[in-house]
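Protein chains: 2
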Amino acid sequence: MNEDAKMNQVDAMPDPSRRKFLNSAALAGLAGAGLSVGLSACNKDAPAPAAAPAAAPAPAAAAKAVHDSVHLKPGELDTYYGLWSGGHTGDFRVLGLPSGRELHRVPCFVPDALVGWGITNESKAVMGTKPDGSLRYTVGDTHHTHASYKDGNYDGRYAWINDKINSRIARIRLDYLICDKITELPNVQGFHGIFPDKRDPVDPAINYTTRVFCGAEFHTPLPNDGRDVNAPEQYRALFSCVDAESMEVRWQVLIDGNCDLVATSFDGKLAASNQYNTEGGYHYEGMMSAERDACIFFNIARIEQAVKDGKFKTFGASKVPVVDGTKASNADPATALVAYVTVPKNPHGVNASPDGKYFICAGKLSPTATVIELAKVLEWFDGKLDDLDKAIVAEVEIGLGPLHTAFDGRGNAYTTLFLDSQIVKWNVDAAIKFHAGDKNAQYVVDRLDVHYQPGHINASQSETMFADGKWLCVGCKFSKDRFLPVGPLHAETEQLVDISGEKMVLMADHPVRPEPHDFIIFKRELLQPKQVYDINEFPLAVKDPKEAGVFRDGNKVTVKITSLAPAFEPREFKLKVGDEVTIILTNLDKIEDLTHGFAIPKYNVNFICNPQETKSVTFKADKPGVFWCYCTHFCHALHLEMRSRMIVEA
Amino acid sequence: MNEDAKMNQVDAMPDPSRRKFLNSAALAGLAGAGLSVGLSACNKDAPAPAAAPAAAPAPAAAAKAVHDSVHLKPGELDTYYGLWSGGHTGDFRVLGLPSGRELHRVPCFVPDALVGWGITNESKAVMGTKPDGSLRYTVGDTHHTHASYKDGNYDGRYAWINDKINSRIARIRLDYLICDKITELPNVQGFHGIFPDKRDPVDPAINYTTRVFCGAEFHTPLPNDGRDVNAPEQYRALFSCVDAESMEVRWQVLIDGNCDLVATSFDGKLAASNQYNTEGGYHYEGMMSAERDACIFFNIARIEQAVKDGKFKTFGASKVPVVDGTKASNADPATALVAYVTVPKNPHGVNASPDGKYFICAGKLSPTATVIELAKVLEWFDGKLDDLDKAIVAEVEIGLGPLHTAFDGRGNAYTTLFLDSQIVKWNVDAAIKFHAGDKNAQYVVDRLDVHYQPGHINASQSETMFADGKWLCVGCKFSKDRFLPVGPLHAETEQLVDISGEKMVLMADHPVRPEPHDFIIFKRELLQPKQVYDINEFPLAVKDPKEAGVFRDGNKVTVKITSLAPAFEPREFKLKVGDEVTIILTNLDKIEDLTHGFAIPKYNVNFICNPQETKSVTFKADKPGVFWCYCTHFCHALHLEMRSRMIVEA
């Protein structure tokens, strides 16, 4: 590190003893593997002045008013929504902020026993089944969730979330906060980053989301059917574009490198993904041998024109057109579909600044952030920039293990430093000046210790044109001593930071079930969910208790049931052993929050039915006897007495 | 309601308009069904004075100091643990209090994608599988959790939790906070209440938990194999005793009525269950036709002597001895195994007072609480009390829809009023005096509006001899307007109340994923969980990376893998299509919180491995290709690069 960069270390790097404590986990085995290049860049400097103590300082008196508002009084409502990924819990979560309270989990990729997701016929149709009717997958790994845009802000229509394990994308309807579609990306393994576009690159009337872009991390043989398994130099990955409405895959791009995150420009013209392992390695040493990797930019209009022009191929059984985005085929700016800007080293995270000008990549194994100016990338595609890397307008040292970046709308970026367990606040314009040669430019504004090993970070409205610089959340991967011990599996810590002032102020620790990755935070006015379903959305609805009953066709039996607290109709129904039974339940209660459940003992059936909702299950009546179907969701003073008696005659 | 009882209404009943709002949900359909007997007992009185407004009042200035402590500063630890049931989410939860933060979920009855519960061989062995190896059940409905006792307090060994849908009891090891055993109760449907004993009824040396009692709610034919399905008057239920160590069912009791909750005495001699539907009805009208139901008391020593004496039968394939506890067979106190004390009407909840003297039942459809003196129940068994109902030392009106009761150790009881959406604080001694004829005895001490329709309630250390009267939690079944809207499915509200003073003070609303039922709260010193496993607890442990590798026996292949951040060993392994593969993974990292995950794309495999833990999965290699097994639990700066390449050759 040079002396000038060191000047930019406001409050300096952490003291050595704190770093030793922090890195005992995160660096385990790393030093021994000889991986000192990027990581030791700051460490090797002379001892830095003492940092703030590891224990969080009490909030400054100046922040007292804000501090009070973090902790809501009973009955007081949050002012922001947060949409969160649940990691390998496989779900999508809705939080209220600033309280940090988890208000809802939306099941999508994995079963959810509460809702009956994975049990009901309707949820199985969304999730996908094997030929025998069982679920195709019961695990998932959600990382990134983003919502649909209109006019540069969230419009409350949809959110999307990825499943890395099985390369699936799920859509969440934000009117009811339910998952309505899941698409499995063909020929993709390790689907990781995801981002909707913000407008159409060509049609100015479409100033809202119509595409979702999906980055693939793992390179494999194409198609991955057993060929080329022992020739890793032939493995490649695909970048995919999914239609926001139909959820079909529109097109894919064959690329070099492993994609991490995805970002999109506000003008709709560019999508990008930061890439590690441009080396094509298959052991971690090989994946980090190069000093620079890439941020790959996709020229959406050109790609779609190429598809129109038939310049694509397909892989295996997939009919999705795949255009060639490999480095070797895209050297000429005049025809290039993609552009590989180099960034150091195994970068982690690419984020679009709210002013629409820049994408910022964090270095991970390099202590730097790289600022890429989008106008210059477009200039390169237009043949007006001789060297693509001239699009890099800043590349400055910020601390150890930089991963992800958020924005406050006042020109500042906030980047997580995984190894330093810090957030660094830095000014983008000052960094650009510093990079241009002004060594007096003080780009580091503030540092804050967090607890511990932060990954994703986001700020209120950060990824819109309306970043408001009020709240910052940071997802810390280790919690260690921050909560009461609960055995070997620790909660993660989502820490809340007030960024309304010059200095960041740590306000609260929120434990969360592992392992959230990315999230977005926006003003509550942008979402207007409905609390009661429209019964007409359900083709199978049993709209009147008089329509309830048993309908037999040979050994195929349909049982139509209604719920109206405190009774199911019918109160009992008879089946015969061997019947193939479909139960259809409509909850006729119309009152908000009056949900019923329906469980059948020993038949592995349980699901809830919200007001005016209809669900169905199908099973074989293979056990004779009396089975008290009961309401599992407390509904009424006579909830325990709310049952229907299923009699299966031998 | 008589005039004297009305005097006991501190702050009076809610005003009519609030009650109308509250009951729009909870009473839906009830009035129309003509169910006015108990429910209208208070309503029909003259308009009461205005109650506190429905919106929560700001905490009184006097409670300011306590109020501050509800909201922990960053890094500050909770002072109490809470163990919570997860309802039909099927899990067991660990909360920190007073913050209300959920620190951990322990999967038990249903799969958990994060942990790999239901995926690994070890978890499947606990959960139970069908002959084809798939899970027997994937739904559950946990209601009540209680922990093991020693010397009248929690000893930190075990907790137990029920699954109502499939009549299973799970044990949680409190050293690691994991589920280690699940037992399915034979011939039981609707297993609901659960309580461990607190000492042995005979052996004074055993002053700790050795039994767990389980109440059954649904009455069915016995055995339930298709016989007697159309003869509901012959249906009966069984009350079960499970061995705390072996988790085998020791004995069962054939009973009349439907069991709700279970309570046990501090002297070990009595267990009890409140019962509704002593009528044996099979529609809700029939289940509530009688004005009084029962609290059934089990004389543990006599039942175990009867079993020893061979006075039992068995049902169906079960070998568990069943003694006769029906009303008709237990009229003679000299030989009775059980005693049915009458209580009004469809009572909900039975709770043991911390002084060891009383069990209290709440009336649900009657506005009363019934106080039963245990010494008098024992007198009846000893032939010294002519009329069993003389054990009732108080039966007083407290409000509409009373459900459950907690204690502060200072002689006060706190009962939830479901229909009034209130907690009523009342003094047990004063209630006894009032019942005995002292109409000046002011037993109602305070009332607090809660939000809304409260079910379970508990206080810190309430069910031990060390009730400390500090915190009260109340599980509200409806949250309606208390949180930002998130669609048709609402969070529940767990509200926290400060009970250290004369007046209750509402401190915080905590949203929770539906639907917690019961819970316990105790001082953090009573639990000392371990943060790192002992590798020797796992017979399959791969203790050294040198032991890792592929071991083939025909088409049966064992792949032994170790994890040590940032690498798996081996880095790649080869299989052939058709192989039956068992992967054994040991996490050799020893550092607290350094958990790894292991996912195999497209093979539906993902599980975590905590420090020094070993897990295994078995699957068929049915798809050729390259599959990047990757770490799903963020562990290290090179987490993304931490992979092992599974090559399945065609």
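Those protein sequence lines, which keep their order, are chains A and B. Just so you know, the working numbering puts 261 at position 261 of the first sequence, and the rest follows in order with no gaps. Just so you know, the working numbering puts 51 at position 51 of the second sequence, and the rest follows in order with no gaps. Where a beta carbon is used, it is the ideal one built from N, C-alpha and C, also for glycine. Fair warning: this is a prediction, and the values are worked out from it, not measured in the lab.
Residue contact check for residue 360 (chain B) against chain A: no CB pair falls below 9 Å. In the DSSP assignment, residue 158 (chain A) falls within the unbroken beta strand (DSSP E) covering 153 to 163. Residues of chain A with a Cβ closer than 7 Å to the Cβ of residue 364 (chain B) are, in chain order, 637. For the stretch 282 to 307 of chain B, the continuous alpha helix (DSSP H) assignments of 4+ residues that do not extend past its boundaries occur at 284 to 287, in sequence order. Secondary structure note for residue 380 (chain B): its alpha helix (DSSP H) is the uninterrupted segment 374 to 381. One alpha carbon belongs to residue 552 (chain B), the other to residue 223 (chain A), and they sit about 28 Å apart. In this structure, the CA atom of residue 598 (chain B) is about 25 Å from the CA atom of residue 417 (chain A). Rounded to whole angstroms, residue 151 (chain B) and residue 158 (chain B) show a C-alpha spacing of 15 Å. Within the same chain, 541 and 612 come within 6 Å of residue 535 (chain B) by CB-CB distance, once the 5 residues on both sides are set aside. For the 9 Å CB-CB criterion, residue 509 (chain B) and residue 458 (chain B) do not form a contact.
Cβ contact annotation for residue 334 (chain B) (same chain, cutoff 8 Å, sequence separation greater than five): 383, in chain order. Taking 9 Å as the CB threshold, residue 500 (chain B) stays off the interface with chain A. Relative to the Cα of residue 454 (chain B), the nearest Cα in the group B:471, B:478 and B:445 belongs to B:478. Looking at B:166, B:240, B:219 and B:232, the one whose alpha-carbon comes closest to that of residue 197 (chain B) is B:240.
Of all residues in the stretch 101 to 121 of chain B, the ones placed with a Cβ closer than 9 Å to any Cβ belonging to chain A are 101, 102, 103, 104, 105, 106, 109, 110, 111, 112, 113, 114, 115, 116, 118 and 119, in chain order.
Non-local C-beta neighbours of residue 614 (chain A) in its own chain, meaning closer than 6 Å and more than five positions away in sequence, comprise 538, 540, 541 and 586, ordered along the chain. At a cut-off of 9 Å between C-beta atoms, residue 139 (chain A) counts as an interface residue with respect to chain B. The C-alpha of residue 217 (chain B) is placed about 44 Å away from the C-alpha of residue 580 (chain B). Within the model, the alpha-carbon separation for residue 511 (chain A) versus residue 96 (chain B) is close to 10 Å. For residue 183 (chain B), no CB of chain A lies under 9 Å from its own CB, so it is not counted at the interface with that chain. Separation of the CB atoms of residue 642 (chain A) and residue 600 (chain A) is rounded to 14 Å, and the pair is thereby denied contact status at 8 Å. Contacts with chain A (Cβ-Cβ distance below 8 Å) from the stretch 374 to 405 of chain B involve 401, listed in chain order. Boundaries of the alpha helix (DSSP H) around residue 434 (chain B): 428 to 435.
Look at residue 618 (chain A): its C-beta is not under 9 Å from any C-beta on chain B. Residue state for residue 545 (chain B) is assigned as helix, using DSSP reduced to three classes. Here residue 565 (chain A) is buried. Its C-beta has 16 or more other C-beta atoms within 10 Å. Among the bridge pairs identified by DSSP, residue 648 (chain A) is matched with A:575 and A:625. About 14 Å separates the CB atoms of residue 262 (chain A) and residue 360 (chain A); that is not less than 8 Å, and the two are not in contact.
At a Cβ-Cβ threshold of 9 Å, residue 125 (chain A) and residue 111 (chain B) do not count as neighbours.
Rounded to whole angstroms, the Cβ separation of residue 480 (chain B) and residue 572 (chain A) is 33 Å, and the two are not in contact under 8 Å.
At a cut-off of 9 Å between beta carbons, residue 597 (chain A) contacts chain B.
Runs of the beta strand (DSSP E) lying entirely within the stretch 73 to 126 of chain A and spanning at least 3 residues, in chain order: 80 to 85, 92 to 97 and 101 to 106. Annotation: residue 506 (chain B) to residue 550 (chain A) spans about 49 Å, alpha carbon to alpha carbon. Per DSSP, residue 351 (chain B) is one residue of the beta strand (DSSP E) stretching across 350 to 352.
Against chain B, the CB of residue 569 (chain A) has no partner CB under 9 Å away; the residue lies outside that interface. Counting every other CB atom within 10 Å of its CB across the protein chains shown gives residue 463 (chain A) a total of 16 or more, marking it as buried.
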